[in-house]
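Below is one structure; the comments refer to it alone.
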C-alpha cells in the first residue's frame, strides 16, 4: 500500500472504484447502445474480453456458447467464489431518447444487463488493484441468454463454469429501490417458471345440434377455472404460487362447435415441493376433465428454471460485509418475487445468493422490461464497491 492510500479497506475500495467510475459509465453506454439478444452476444463478449485483457487478465471465451469466464487467483490458498453477470438484452424498441440509446431497432437493454456487465468489469479492475488481499480464487462469469427459454446459465454450467466453486453470488439492479440502497432476500429470491400447453380435443358440429358434438370449449372453460383451485384450495397460503393462463384459442365462427381448443400459460413456485405438487395436481385435474367431459386432453408441461434459493449463511456474510463497507445495514426481506432468474441453476449446485442494487433515479418511477427504462448510473459504482468488498471479505 502506498503512503497516500487510505489504510482502511472500505476507504481503499471506494477510492479505487471512484477513480474507475467515469470509465465504467463510458463502457456501460457503449454496451447499452449495442444490445444483443440471447446467445447472440458476440460484440458484448468482445467488449468484455478487450477490457479484461487491457487489465492484464487472460479470460476464456466461448463458455456456454458466447459466455466469458475469468479466474483470478489469490496469493494464498483459500475458498473459491463465483460472481456472475448477465449480458443479453430484450426484444424491445427503445423509447428513452437518450444520446446513447440503442442503435439497433427492436433491441434494448431494458432489464439493465448492461449495468451488470459493466459492474462485473468494475470488480475485475478493482480486484486487480487489491489482488494481494486475495486468498483462494475468484471466478467471474459473463453470461449470455438469461432472458431466453434456452438458459445461458445451464449452458455455462454444462461447459464447467460451476466446477470447483464453493460459493456463488449474482446481483440485479432494482428500479423500485433508490440508488444507494442494497436489498438482500432470505429464502427464495425468485420463483421457478414452468410452461404448459394444453390441447382439449372434442368433436365438431353445428351450434344448433350440440348433442351431436363433444364440445371442447365448455370443457376448456371448466378446466381453466378448476386449475385455479390448485392455488386457492390446495396450496398452503404461506407457500403461495401463481398459475396464469396467458393464451387461449378455439373455434373460428359463431355457429360451429370446433374440434379443439388450446390454452397456454405458466406456473411459478418458490420451493421444489410446491413446484412438484402443482404439476401433479395440474395433471390430475386435466385427466379428470377428460373423463368428465368425454374429451381428449393433451398436456405439454415443460419445466423451466428452478427457484433461486438464497443460502442463509451467505446472506448473513453479505449483511456483515456490506454493513462494514457502507456503515449502514442493507435492507433484508423474506422472498416475495415470482419473477424467474436462471442463476437458480447455480443455486441448485452451490450455496448462493442474489444481491439487489438500487437503481431508481430521483423523480422517476421506472420498471424493468420497459421501453423507457432509465436507471441511475451510480448503481454501477455502488455494485462494484459492494461486490468487491464481499469478494475480499470471503477471500481474505
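Numbering (the numbering used here), first residue to last: -8 to 387.
Ideal placement from N, C-alpha and C gives every residue a C-beta, glycine not left out.
Since we're looking at a predicted model, the values are computed, not measured.
| query | If you follow the alpha helix (DSSP H) that residue 318 is part of, which residue opens it and which one closes it? | reply | Your numbering for residue 318 matches position 327 in the chain shown. Segment: none, residue 318 is in no alpha helix (DSSP H) and carries neither H nor E.
| What are the uninterrupted segments assigned as alpha helix (DSSP H) that are 4 or more residues long and contained completely in the region 310 to 373, given in chain order? | 335 to 338
| Status (buried if at least 16 other CB within 10 Å, exposed otherwise) for residue 355 | Looking up residue 355 in the chain shown gives position 364. Flag for residue 355 reads exposed.
| Outcome for residue 89 when other beta-carbon atoms lying within 10 angstroms are tallied against a minimum of 16 | To locate residue 89, count along the chain shown from 1; it is residue 98. Counting Cβ neighbours within 10 Å, residue 89 comes out exposed, since fewer than 16 surround it.
| request: Could you check the C-alpha separation between residue 332 and residue 245 for me, to the nearest Å? | output: For the purposes of this step, residue 332 is taken as residue 341 along the chain shown, with counting starting at 1. For the purposes of this step, residue 245 is taken as residue 254 along the chain shown, with counting starting at 1. One C-alpha to the other measures close to 42 angstroms.
| said: Assuming contact is defined by CB atoms lying nearer than 8 angstroms, are residue 299 and residue 335 in contact in what I supplied? | reply: Residue mapping note: residue 299 aligns to position 308 of the chain shown, counting from 1. Residue mapping note: residue 335 aligns to position 344 of the chain shown, counting from 1. Contact flag set, yes.
| The beta strand (DSSP E) spanning residue 258 covers which residue range? | What you label residue 258 is simply residue 267 of the chain shown in a count that begins at 1. Taken as a continuous stretch (DSSP letters only), the beta strand (DSSP E) holding residue 258 covers 251 to 260.
| Hey, which unbroken runs of the beta strand (DSSP E) at 3 residues or more fall wholly within the region 47 to 124? | 51 to 54, 58 to 64, 67 to 77
| DSSP three-state assignment for residue 284, whether helix, strand or coil | The residue labelled residue 284 in the question sits at position 293 within the chain shown. Three-state DSSP puts residue 284 in a helix.
| residue 104 versus residue 248: straight-line alpha-carbon distance, rounded | Start at 1 with the first residue of the chain shown, and residue 104 comes out as number 113. Start at 1 with the first residue of the chain shown, and residue 248 comes out as number 257. Between the C-alpha atoms of residue 104 and residue 248 there is a straight-line separation of about 47 angstroms.
| What separation, rounded to the nearest whole angstrom, lies between the Cα atoms of residue 43 and residue 278? | The residue labelled residue 43 in the question sits at position 52 within the chain shown. The residue labelled residue 278 in the question sits at position 287 within the chain shown. One C-alpha to the other measures close to 55 angstroms.
| query | Taking the alpha carbon of residue 234 as the point to measure from, which residue in 206, 252, 242, 268 has its own alpha carbon closest? | reply | Taking the first residue of the chain shown as position 1, residue 234 is located at position 243. It is 268 whose Cα lies nearest to the Cα of residue 234.
| task | Round the Cβ separation of residue 25 and residue 57 to the nearest angstrom and send it over; I've been treating them as touching at under 8 angstroms. | result | Taking the first residue of the chain shown as 1, we reach residue 25 at position 34. Taking the first residue of the chain shown as 1, we reach residue 57 at position 66. In fact, because the Cβ distance is near 14 angstroms, the residues do not count as touching under 8 angstroms.
| When you compare only the Cα positions, how much space is there between residue 173 and residue 116? | Position 182 of the chain shown, counting from 1, holds the residue named residue 173. Position 125 of the chain shown, counting from 1, holds the residue named residue 116. Roughly 22 angstroms separates the two Cα atoms.
| task | Would you identify the three-state DSSP class for residue 1, choosing helix, strand or coil? | result | Taking the chain shown and counting its residues from 1, the one referred to as residue 1 is at position 10. Here residue 1 sits in helix by DSSP.
| task | Answer yes or no: do residue 64 and residue 142 have a C-beta to C-beta separation smaller than 8 angstroms? | result | In the chain shown, residue 64 corresponds to position 73, counting from 1. In the chain shown, residue 142 corresponds to position 151, counting from 1. Cβ atoms of residue 64 and residue 142: not closer than 8 angstroms.
| Using CA coordinates, which residue listed in 163, 212, 176 is at the minimum distance from residue 190? | Residue numbering aside, residue 190 sits at position 199 when the chain shown is read from its first letter. The shortest C-alpha separation from residue 190 is found at 212.
| request: Could you round the C-beta distance between residue 74 and residue 114 to whole angstroms and report it? I think they count as a contact, below 8 angstroms. | output: Here residue 74 refers to the residue found at position 83 of the chain shown. Here residue 114 refers to the residue found at position 123 of the chain shown. That belief holds up - the Cβ atoms of residue 74 and residue 114 are roughly 6 angstroms apart, short of 8 angstroms.
| Which whole-angstrom value is the C-beta distance of residue 328 and residue 182, which I expect to be below 8 angstroms? | What you label residue 328 is simply residue 337 of the chain shown in a count that begins at 1. What you label residue 182 is simply residue 191 of the chain shown in a count that begins at 1. With a Cβ gap of about 7 angstroms, residue 328 and residue 182 count as contacting.
| query | Going along the chain, which unbroken runs of the alpha helix (DSSP H) with 4 or more residues stay wholly within the region 160 to 237? | reply | 207 to 218
| field | DSSP three-state assignment for residue 130, whether helix, strand or coil | value | Here residue 130 is taken as the residue at index 139 of the chain shown, counted from 1. In the structure shown, residue 130 sits in a strand (DSSP, three-state: E or B).
| message | Restricting to Cα atoms, I'd like to know which of 379, 384, 123 is closest to residue 162. | response | The count along the chain shown starts at 1 and reaches residue 162 at position 171. Among 379, 384, 123, the Cα nearest to that of residue 162 belongs to 379.
| query | When burial is assigned at 16 or more other CB atoms within 10 Å of the CB, is residue 80 buried or exposed? | reply | As a first step, residue 80 must be located in the chain shown, where it is residue number 89. When all chains shown are included, residue 80 counts as buried.
| said: Please classify residue 408 as buried or exposed, where buried requires at least 16 other C-beta atoms within 10 Å of its C-beta. | reply: With the chain represented from -8 up to 387, any question about residue 408 goes unanswered, as that position is not in the structure.
| task | Give a single yes or no on whether residue 125 has its beta carbon closer than 7 angstroms to a heavy atom of the ligand GDP. | result | Among the components of this structure there are no ligands whatsoever, and the ligand GDP is therefore not found.
| query | Considering only C-alpha positions, which residue in the set 368, 387, 137 is nearest to residue 349? | reply | For the purposes of this step, residue 349 is identified with residue 358 of the chain shown, where counting begins at 1. Residue 349 has its Cα closest to that of 368, out of 368, 387, 137.
| query | Between the Cα of residue 252 and the Cα atoms of 219, 215, 61, which residue gives the shortest distance? | reply | Start at 1 with the first residue of the chain shown, and residue 252 comes out as number 261. Per the Cα distances, 215.
| query | With which residues is residue 301 paired in a DSSP beta bridge? | reply | Counting from 1 along the chain shown, the entry for residue 301 is found at position 310. DSSP, once it has assigned bridges, lists 178 as partnering residue 301.
| request: With a cut-off of 8 angstroms on the beta carbons, I'd call residue 131 and residue 111 a contact; round off their distance for me. | output: Mapped onto the chain shown, residue 131 falls at position 140. Mapped onto the chain shown, residue 111 falls at position 120. Contact flag correct, Cβ pair sits at about 6 angstroms.
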